[in-house]
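K.L.:
I have a structure here, written as structure tokens, and I will follow up with some questions on it.
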Amino acid sequence: MSNIVCRYGIPEHIHSDRGTQFESTVFSNLCKYLGIKKLRTTPYHPMCNGMVERTNRTLKEMLRSYVSEYQDDWYKYLDLCLMGLRTSVNSSTKFSPSLIVFGREMKNIIESTQESNIGGLYPTNSYVKQ
Numbered sequence: 438m439s440n441i442v443c444r445y446g447i448p449e450h451i452h453s454d455r456g457t458q459f460e461s462t463v464f465s466n467l468c469k470y471l472g473i474k475k476l477r478t479t480p481y482h483p484m485c486n487g488m489v490e491r492t493n494r495t496l497k498e499m500l501r502s503y504v505s506e507y508q509d510d511w512y513k514y515l516d517l518c519l520m521g522l523r524t525s526v527n528s529s530t531k532f533s534p535s536l537i538v539f540g541r542e543m544k545n546i547i548e549s550t551q552e553s554n555i556g557g558l559y560p561t562n563s564y565v566k567q
């Protein structure tokens with residue numbers, strides 16, 4: 438919660454499923470203290486949270502392509518996969534999440550390296566071709 442508050446400010450409301458982490462006394466008291474209205478989906482009906490469930494499914498698929506066979510190193514790739522989601526255009530909104538949240542497109546790693554020079558001598562694309 439501190440990550441959200443420090444990055445975006447205190448939200449007016451939080452829409453969540455009825456998971457134990459959102460129904461705990463600590464979370465409920467924190468929401469009450471900060472003046473956050475808690476909104477909940479219908480129990481046992483994940484389609485109420487369809488966009489979030491779809492994003493979670495996509496994230497899991499992305500992580501599966503990176504993790505080891507033991508699936509114990511997923512946390513190493515989480516930030517990279519999240520960046521991919523944040524910079525991808527959403528088919529429903531026609532915008533990337535980064536554009537909606539920050540008002541600008543996030544420069545990704547590939548764009549950054551294509552625009553830079555290796556050692557100040559060669560454009561990256563030319564260097565890779567050599």
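Following the numbering used here, the residues of the sequence shown are numbered contiguously, the last one being 567. Where a beta carbon is used, it is the ideal one built from N, C-alpha and C, also for glycine.
1) Looking only at its chain, what residues have a beta carbon closer than 7 Å to the beta carbon of histidine 452, apart from the 5 residues adjacent to it on each side?
2) Among the residues of its own chain, which have a CB less than 8 Å from the CB of arginine 455, if the five just before and after it don't count?
3) Cα separation between glutamate 506 and asparagine 493?
4) Counting only runs of 4+ residues fully inside the region 452-520, write out the alpha helix (DSSP H) ranges in chain order.
5) Considering only residues of the same chain and omitting the five flanking positions on each side of tryptophan 511, which have a CB-CB separation below 6 Å?
6) If you follow the alpha helix (DSSP H) that valine 538 is part of, which residue opens it and which one closes it?
7) Since leucine 471 and isoleucine 441 are thought to touch, with beta carbons under 8 Å apart, how far apart are those beta carbons, to the nearest angstrom?
8) How should cysteine 443 be labelled, buried or exposed, when 16 other C-beta atoms within 10 angstroms of its C-beta is the threshold for buried?
9) Among Ile537, Gln508, Asp509, which one has its Cα closest to the Cα of leucine 522?
P.N.:
So, from the listed chains and residues:
1) Locating residue 452 in the sequence shown gives position 15, counting from the first residue. Excluding sequence positions up to five before and after histidine 452, its CB lies within less than 7 Å of the CB of Leu476, all in the same chain and listed in chain order.
2) The count along the sequence shown starts at 1 and reaches residue 455 at position 18. Taken in chain order, the residues that qualify are Arg477, Thr478, Pro480.
3) Locating residue 506 in the sequence shown gives position 69, counting from the first residue. Locating residue 493 in the sequence shown gives position 56, counting from the first residue. Going from the Cα of glutamate 506 to the Cα of asparagine 493 covers about 20 Å.
4) 457-460, 462-471, 487-501
5) Position 74 of the sequence shown, counted from the start, is the residue given in the question as residue 511. Only Leu500, Val504 meet the Cβ criterion.
6) Residue numbering aside, residue 538 sits at position 101 when the sequence shown is read from its first letter. Looking at the DSSP string, the run of the alpha helix (DSSP H) that includes valine 538 is 534-539.
7) Taking the sequence shown and counting its residues from 1, the one referred to as residue 471 is at position 34. Taking the sequence shown and counting its residues from 1, the one referred to as residue 441 is at position 4. Taking the Cβ atoms as the reference, leucine 471 lies roughly 11 Å from isoleucine 441, outside the contact range of under 8 Å.
8) For the purposes of this step, residue 443 is identified with residue 6 of the sequence shown, where counting begins at 1. Classification of cysteine 443: exposed, given that the 10 Å Cβ count is below 16.
9) As a working mapping, residue 522 is identified with position 85 in the sequence shown. Taking only the C-alpha atoms, the option nearest leucine 522 is Ile537.
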